Amino acid sequence: MSASADLHDVWNTHLPLGISCNHCLHRALIPRERVGAREGFRCTKCGRRTFTTHLFKEQRHVKRFLAEYR
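The sequence shown lines up with residues 2 to 71 when you count with the working numbering.
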């Protein structure tokens, strides 16, 4: 995905959005249906709201994203 990807690009991938907390590096997958939710996202480990998003091209990239966290 390009650096200028937007919510439309996330919806078209049919894959979840990857989120990694900038503070504790906790990782999570957000279903594409929840992307754009009004309440935003909060880290379930440390409670902070600063994160980096990861867009995936293929399902294997999603698995690698979570495997690298463990």
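Even glycine gets a Cβ: it sits at the ideal position worked out from N, Cα and C.
Please read all numbers here as calculations on a predicted model, not as lab measurements.
### Task
Taking L30 as part of the beta strand (DSSP E), name the residues at either end of that continuous run.
If you number the sequence shown from 1, residue 30 lands on position 29. Segment R28 to I31, the beta strand (DSSP E) holding L30.
### Query
Sorted by chain position, which residues of the same chain lie with C-beta nearer than 8 Å to Q60's C-beta, five sequence neighbours on each side aside?
On the sequence shown, residue 60 is found 59 positions in, with the first residue counted as 1. So the list reads L16, once near-sequence residues are dropped.
### Query
Any idea what DSSP makes of F66, helix, strand or coil?
As a position in the sequence shown, residue 66 is number 65, starting the count at 1. Reduced to three states, the DSSP call for F66 is helix.
### Message
Please list the terminal residues of the continuous beta strand (DSSP E) segment that includes C22.
### Response
Reading the sequence shown from its first residue, position 21 is the one you call residue 22. L18 to C22 is the span of the beta strand (DSSP E), which, as asked, contains C22.
### Query
Around the C-beta of R65, are 16 or more other C-beta atoms found within 10 angstroms, so that it is buried, or is it exposed?
Counting from one through the sequence shown, the residue named residue 65 turns up at place 64. R65 is exposed by the Cβ-count criterion.
#### Entry: Contact under 7 Å by Cβ, H24 with C47
Mapped onto the sequence shown, residue 24 falls at position 23. Mapped onto the sequence shown, residue 47 falls at position 46. Yes, Cβ-Cβ distance for H24 and C47 is below 7 Å.
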